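> This is the structure I want to talk about, given as structure tokens.
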Amino acid sequence: MSTFRGVDHVGVGVPDIDAAVRFYGRVGFSDVLFDYTGDVPGPDRSARVVMLGNPGATPIGPGRIKLVQVLDGDGPPPAPTGGGWGELGICEICLHARAVDHVHRQLVAAGAESLMEPLAADVQPHDVSLDIAYVADPWQGKLELIEWTGLWRSLPGNPRAEGVNHVAFGVADIDRTRAFYERLGFTEMLFESTDFFDPMAPWYPGEPPDQHMIMMLSAQGGAIEPVVLDPPGPDCRGEWGHIGPFEFAVGVGNLEQGVARLRELGVDLRGEPQTIDVGTGEWRYAYFRDPDDLYVSLVEARY
Ligand SMILES: [Fe+2]
Numbered sequence: 634m635s636t637f638r639g640v641d642h643v644g645v646g647v648p649d650i651d652a653a654v655r656f657y658g659r660v661g662f663s664d665v666l667f668d669y670t671g672d673v674p675g676p677d678r679s680a681r682v683v684m685l686g687n688p689g690a691t692p693i694g695p696g697r698i699k700l701v702q703v704l705d706g707d708g709p710p711p712a713p714t715g716g717g718w719g720e721l722g723i724c725e726i727c728l729h730a731r732a733v734d735h736v737h738r739q740l741v742a743a744g745a746e747s748l749m750e751p752l753a754a755d756v757q758p759h760d761v762s763l764d765i766a767y768v769a770d771p772w773q774g775k776l777e778l779i780e781w782t783g784l785w786r787s788l789p790g791n792p793r794a795e796g797v798n799h800v801a802f803g804v805a806d807i808d809r810t811r812a813f814y815e816r817l818g819f820t821e822m823l824f825e826s827t828d829f830f831d832p833m834a835p836w837y838p839g840e841p842p843d844q845h846m847i848m849m850l851s852a853q854g855g856a857i858e859p860v861v862l863d864p865p866g867p868d869c870r871g872e873w874g875h876i877g878p879f880e881f882a883v884g885v886g887n888l889e890q891g892v893a894r895l896r897e898l899g900v901d902l903r904g905e906p907q908t909i910d911v912g913t914g915e916w917r918y919a920y921f922r923d924p925d926d927l928y929v930s931l932v933e934a935r936y
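Below, the structure written as structure tokens:
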């Protein structure tokens, strides 16, 4: 068992967390693992935080979603504006799905906006086929649905959205990001693309940029999809807890061991490791500094 266990969850800022729990419940995230209101040291905000698991999670769609509603200051910081996809910051959550077209239809019927109609594609260099579609959640967060048909045809069962397959984020230097996250266990490259993905063209406010993206897999947990745009577009990192996907966490079995490994690797922590009593157990995390100063943490899930 390696120290780092892939993407454990993606954090999503929302203005109305009860409505968000209902929406993501319809997307399959019906397990409330904890529901905490109070101080969140590290980012040092007061927030309500709900960790959601998906009972349909599989090894290829294992990740969770953490909803955050910032309660102090002026409330939830607004979503960064002016971007399309892949600008500096977290830009999407991708769920693995069995029968993408079916799940896409279901979500649209439930009130989500379609951002990309289902289509089939393949990625190189391993010629892996996939089905893909996008919707926006009610707060305009980009939610990708993917079925990696070229990896396996999914586990049997009814059409469903599984857990998080990967998180996408914009970076400044893709080689630097790749080297950094390889040391955190994301060692296998599933694909690399320097072709602009045409169905995304309508998302950009102006002329679409060039896109260079890769997907890095960890042996366990969700994957990462760093993207670099040329030209880079606006800084879309925003404040902690901003509306939309804003952070992700790498799972560890033991926080002290994970922190010790980060220190060995020369990675700086942002603040001290934290243990929060969430009633049903403990939420343990430590934020660390990645090459682009994204909001990234280690998490030990004792809930
Ligand atoms: Fe993606």
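Read in order, the letters of the sequence shown are residues 634 to 936 in the working numbering. No residue lacks a Cβ here, since even glycine has one placed at the ideal position from N, Cα and C. Source: prediction; values computed, not measured.
1) I want to know whether the region 663-671 touches the region 894-902 - three or more CB-CB distances under 8 Å.
2) How about residue 799: is its Cβ closer than 7 Å to a heavy atom in ligand 1?
3) Please report the straight-line C-alpha distance between residue 803 and residue 926, rounded to a whole angstrom.
4) DSSP puts residue 902 in a beta bridge; with which residues?
5) Can you give, in chain order, each stretch of the alpha helix (DSSP H) that sits fully within the region 806-859 and has at least 4 residues?
6) Would residue 698 and residue 657 be called neighbours here (beta carbons separated by less than 8 Å)?
7) Check this for me: beta carbons of residue 681 and residue 705, under 8 Å apart or not?
8) Counting pairs of beta carbons, one from the region 727-746 and one from the region 792-800, are three or more of them closer than 8 Å?
9) Between residue 881 and chain C, is the shortest Cβ-Cβ distance under 8 Å, so that the two count as touching?
10) Contact check, residue 859 vs residue 846 under 8 Å by CB: the rounded distance?
11) Would you identify the three-state DSSP class for residue 678, choosing helix, strand or coil?
12) In three-state terms, what does DSSP make of residue 736?
13) Leaving out five residues on either side along the sequence, give the residues of the same chain with a beta carbon under 6 Å from the beta carbon of residue 914.
14) Short check: CB of residue 832 to CB of residue 749, under 8 Å?
15) Which residue's Cα is closest to the Cα of residue 638: 850, 904, 902, 908?
16) With the cut-off set at 8 Å, would you say residue 776 and residue 728 are in Cβ contact?
17) Just to check, is the beta-carbon of residue 725 closer than 7 Å to a non-hydrogen atom of ligand 2?
18) What do you get for residue 852, buried or exposed, if any count of 16 or more other CB atoms within 10 angstroms of its CB means buried?
19) Check residue 888 in the structure and name its three-state DSSP category.
Taking the structure as given:
1) no
2) yes
3) 11 Å
4) 921
5) 807-815
6) yes
7) no
8) yes
9) Considering every chain present, this structure includes no chain C. It has just one protein chain.
10) 7 Å
11) strand
12) helix
13) 935, 936
14) yes
15) 850
16) yes
17) Looking for ligand 2 in the displayed structure turns up nothing; the ligands present are ligand 1.
18) exposed
19) helix
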